[in-house]
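Enquirer: Chains as they are written, first to last, in the numbering used here: chain A, 1 to 344; chain B, 345 to 688. Handing you this structure, nothing more for now.
There are 2 protein chains.
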Amino acid sequence: MSETKPKKVDILTVAKAARVSASTVSRYFNHPDLLKPATRKRIDSAVRRTGYIRNRAAQTIHGIRSGTIGVLIPTLDHAIFAEVVQAFSDTVAEKGFTILLASHGYDLQREYAILRKFLEHRVDGVVLTGLDHDDAVFQLLDQQEIPCVLMWNHAAGSRFPCIGADNEQAGRMIAEHVLSLGHRKIACMFPPTDGNDRALARRDIVLQTLKNAGVSVPDAWSLTTVYSISESKTDARKLFSGLNRPTALICGNDILATGALYGAKAAGLSVPDDISIVGIGDFKGSSDIEPALTTVRLPAKRIGHEAGKALVAAIIDQETWDQRSLHCEPTLMLRHSARAVSVG
Amino acid sequence: MSETKPKKVDILTVAKAARVSASTVSRYFNHPDLLKPATRKRIDSAVRRTGYIRNRAAQTIHGIRSGTIGVLIPTLDHAIFAEVVQAFSDTVAEKGFTILLASHGYDLQREYAILRKFLEHRVDGVVLTGLDHDDAVFQLLDQQEIPCVLMWNHAAGSRFPCIGADNEQAGRMIAEHVLSLGHRKIACMFPPTDGNDRALARRDIVLQTLKNAGVSVPDAWSLTTVYSISESKTDARKLFSGLNRPTALICGNDILATGALYGAKAAGLSVPDDISIVGIGDFKGSSDIEPALTTVRLPAKRIGHEAGKALVAAIIDQETWDQRSLHCEPTLMLRHSARAVSVG
DNA sequence: AATAGTTTTGCAAATGTTTTCATAACTCTC
DNA sequence: GAGAGTTATGAAAACATTTGCAAAACTATT
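What follows is the structure in structure tokens.
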């Protein structure tokens, strides 16, 4: 690659064109206030003429920041992660950072390997998703002393600052709401929980809240369904076609709830007249679907934005940053997919 | 940052621990076949003991590949782009590449600035979205002689290899299908086309195909609607509540079509009995919504995968790569949201 | 043991930039 | 004009790795 370059434009090329030294050109970019205006003008012109493009790698070697941030998520294929990454990316891009993005597909071993690769690239900081990580990941972060923020969850006393919502609170809110509508024949639909502490926390607290209210969910009504409209439609349709039908279904996220709404329609049920369906997340479209979905909002955009701000602060204000976690409150969104249990 | 590092582990540290030179350690990583097995073993042990993490920046300075690929998309917030980026990322990650991801929000000037930043990072290759780019972008790519692939569209004779679907073909297919069902009172809903050549191509060919069949779309039935379920639901509901109602609605993508389905429900219409609704894209959920959406499938996963393969080939096999574009065929998906125009 | 051929390894220079320190250039005051 | 103080700039060393070439080490043959 380098031997086929017709002309090599480096800082020396610019320096020659401007009749200054390379160190002056470097100052032009990094400490322009140290230069005379006339010198600045000459260099500016030389940079344009030569088409020089700075080499971030050479800066990085000096321990200068690479200007990159490693973003590690389970998958981009779930809209909610795409949304939070977009907000995060917008926030850090505003401060001149570029993100390195990788996904581990809920495989925490893979997460460790990706983190090492990020460290090879000397990222200035890292954002991980959720609280649950291989201990080797935490060790590596400590060892390398790299700024890190955990995104999406909130939990007091976590090892690194976390920016997100309290999944237990969200789960409790939706379960309590369904109970407050009088439902006692309640089914649950949650995604697999391996490598997914968000889903696990929600499921456990939902079941606990129901149990504390004297409601036990039969095994046949406790579904594990992959994150897919198609799968949840199929599972919901099967559930609603049984002889013994619940009056309410709590879904672990709004994609599952969307599929369940479609499944109810396909089973010939009217929502919420025949079956109440609720979700968690308040994803795009949740308020527009017919009927509008009752759910708990997890503010993805805000989470991404705050995580971006926190990590930039950690990188830039290393000495003064106070490592504070931030809890983004979940909000109960009462809409039209759930109603009080019927007395008939 | 560097002055607070408690211990600096570089290649010299490893060399000392293994009692070899730094160049031998370098060979261990890059040309292990040149080393005696015993030497390899010693170095391997020293790498583990010291916790050394290679510095990609130092490699990059040598004109060695940075191991990064720049990915430039309009936004991650549209599920279809998230899907294609995930497939692309998986494909290149398999070959050891990490993606730098940035979004330009349909602002082609911003795209140029982002591309420059990618070049500062000395990415090994770049993937852009669509065919339409500021000419400065093309000039910069030519000048820097960096491998580039255009993703999402297919057009013969494009300046760089493109991997995607023919948007004109997709638009023609869906328009012809609606015509073949006998519809002549047809409305259209497309997103804004600034900086979005995909949407423009689809809209133009849809209108052209209708026109060739003697169907003219009244201005009041030619909607421009932002990419949002909420907006399209509102616009569709308004359209369907008018005194003069179309028998069919062609939407420029499946998100708009999804919102239109919700809008029809909200307007008290039955789909497809009262109004046929079709889309383009076959997004997630399009086959599961009730009624299942008739649309043209653009194979996002395949596009992302093939684009990743093509770019990796361009980077690795620079001399032999033949720069071929690839057309991923759109597929007409006949489902339940459209039917023949009623004779009553 | 001597010689020829092959393999392995180290030295030194290179890559592109940044920064420290010394010196040159400039400005102001007497 | 001379001297003191301030500003601007260049030379050289540094950062972490890679690689070409020479020399050391090893192996095989006579």
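Just so it is clear, CB atoms sit at the ideal spot from N, CA and C, and this is done for glycine as well.
What does a CB cutoff of less than 6 Å around ALA266 (chain A) pick up in its chain, not counting 5 residues either side in sequence?
Expert: The answer, listed in chain order, is ARG237.
Enquirer: Are GLY603 (chain B) and GLU427 (chain B) close, meaning C-beta to C-beta below 9 Å?
Expert: No. Outside cutoff.
Enquirer: What is the DSSP secondary structure of LYS238 (chain A), counted as helix, strand or coil?
Expert: Correct three-state label for LYS238 (chain A): helix.
Enquirer: From what residue to what residue does the beta strand (DSSP E) around GLY623 (chain B) run?
Expert: First-last of the beta strand (DSSP E) with GLY623 (chain B): 620-625.
Enquirer: Does the stretch 516-531 of chain B come into contact with the stretch 544-563 of chain B, if we say contact requires no fewer than three beta-carbon pairs (one atom in each stretch) closer than 8 Å?
Expert: Yes: at least three Cβ pairs fall under 8 Å.
Enquirer: When you compare the CB positions of LYS185 (chain A) and ALA87 (chain A), do they come within less than 9 Å of one another, or not?
Expert: Not in contact: LYS185 (chain A) and ALA87 (chain A) (Cβ atoms no closer than 9 Å).
Enquirer: According to DSSP, is TRP496 (chain B) helix, strand or coil?
Expert: Three-state result, TRP496 (chain B): strand.
Enquirer: Bridge partners of HIS671 (chain B), per DSSP?
Expert: In the DSSP output, where bridge partners are listed per residue, HIS671 (chain B) has B:GLY508.
Enquirer: Use the C-beta contact count for THR569 (chain B): other C-beta atoms within 10 angstroms, 16 or more gives buried, fewer gives exposed.
Expert: Counting Cβ neighbours within 10 Å, THR569 (chain B) comes out buried, since at least 16 surround it.
Enquirer: Taking Cβ-Cβ distances below 8 Å as the criterion, which residues of the stretch 235-266 of chain A are in contact with chain B?
Expert: Hits within the stretch, in order: THR258, GLY259, TYR262, LYS265 and ALA266.
Enquirer: Are the stretch 383-396 of chain B and the stretch 352-369 of chain B touching by the rule of at least three beta carbon pairs closer than 8 Å?
Expert: Output reads yes: the stretch 352-369 of chain B touches the stretch 383-396 of chain B.
Enquirer: For GLU111 (chain A) and LEU72 (chain A), which I take to be in contact (beta-carbon distance under 8 Å), what is that distance rounded to the nearest angstrom?
Expert: Indeed, because the Cβ distance is near 6 Å, the residues count as touching under 8 Å.
Enquirer: Below 9 Å between beta carbons: does that hold for ALA557 (chain B) and ILE621 (chain B)?
Expert: Result no, Cβ atoms of ALA557 (chain B) and ILE621 (chain B) do not sit closer than 9 Å.
Enquirer: Comparing C-alpha positions only, which one of A:ALA310, A:THR50 and A:ARG40 sits nearest to ASP322 (chain A)?
Expert: Nearest option by C-alpha distance: A:ALA310.
Enquirer: Would you mind working out which of B:THR638, B:SER560, B:THR394 and B:SER410 sits nearest ILE660 (chain B), comparing C-alpha positions?
Expert: With distances taken between Cα atoms, ILE660 (chain B) lies closest to B:SER410.
Enquirer: With DSSP as the reference, label VAL467 (chain B) as helix, strand or coil.
Expert: VAL467 (chain B): coil per DSSP, three-state reduction.
Enquirer: Does any C-beta atom of chain A lie closer than 9 Å to the C-beta of VAL656 (chain B)?
Expert: No - not a single Cβ of chain A is within 9 Å of the one on VAL656 (chain B).
Enquirer: So, is the C-beta of GLY629 (chain B) closer than 9 Å to a C-beta in chain A?
Expert: Cβ-Cβ to chain A under 9 Å: yes for GLY629 (chain B).
Enquirer: Between VAL467 (chain B) and GLY414 (chain B), which are expected to be in contact by the criterion C-beta below 8 Å, what is the C-beta distance as a whole number of angstroms?
Expert: Going by Cβ atoms, the distance from VAL467 (chain B) to GLY414 (chain B) rounds to 4 Å, so yes, they are a contact pair.
Enquirer: What residues are listed by DSSP as bridge partners for ARG297 (chain A)?
Expert: ARG297 (chain A) is bridged to A:GLY281 and A:THR331.
Enquirer: Using C-beta distances below 7 Å, list every residue in its chain close to ILE114 (chain A), excluding the 5 sequence neighbours before and after it, in chain order.
Expert: Counting only Cβ-Cβ distances below 7 Å, and skipping sequence neighbours, we find LEU72, ALA102 and HIS104.
Enquirer: Taking just the CA atoms, how far does ALA257 (chain A) sit from LEU583 (chain B)?
Expert: Their Cα atoms are separated by approximately 28 Å.
Enquirer: Helix, strand or coil, according to DSSP, for PHE441 (chain B) in the structure here?
Expert: PHE441 (chain B) falls in the coil class under three-state DSSP.
Enquirer: How big is the Cα-Cα spacing for GLY263 (chain A) and GLY279 (chain A)?
Expert: Answer to the nearest angstrom: the Cα atoms are 14 Å apart.
Enquirer: Nearest-angstrom Cα distance between THR394 (chain B) and TRP496 (chain B)?
Expert: Between THR394 (chain B) and TRP496 (chain B), the C-alpha separation is close to 45 Å.
Enquirer: Quick check on DSSP: helix, strand or coil for PRO6 (chain A)?
Expert: In this prediction, PRO6 (chain A) scores a pLDDT of 41, lower than 50, which makes its location untrustworthy; no coordinate-derived value is stated.
Enquirer: Give the straight-line distance between the Cα atoms of ALA402 (chain B) and GLN59 (chain A), rounded to the nearest whole angstrom.
Expert: C-alpha separation (whole angstroms): 10 Å.
Enquirer: Note down, one range per segment and in chain order, each alpha helix (DSSP H) of at least 4 residues found wholly within the stretch 546-594 of chain B.
Expert: Runs found: 573-584.
Enquirer: For the beta strand (DSSP E) containing THR537 (chain B), name the first residue and the last one.
Expert: Careful: THR537 (chain B) lies outside any beta strand (DSSP E) and carries neither H nor E.
Enquirer: Using C-beta distances below 7 Å, list every residue in its chain close to LEU544 (chain B), excluding the 5 sequence neighbours before and after it, in chain order.
Expert: So the qualifying residues of the chain are THR537.
Enquirer: LEU12 (chain A) to GLN662 (chain B), Cα distance in whole Å?
Expert: Their Cα atoms are separated by approximately 28 Å.
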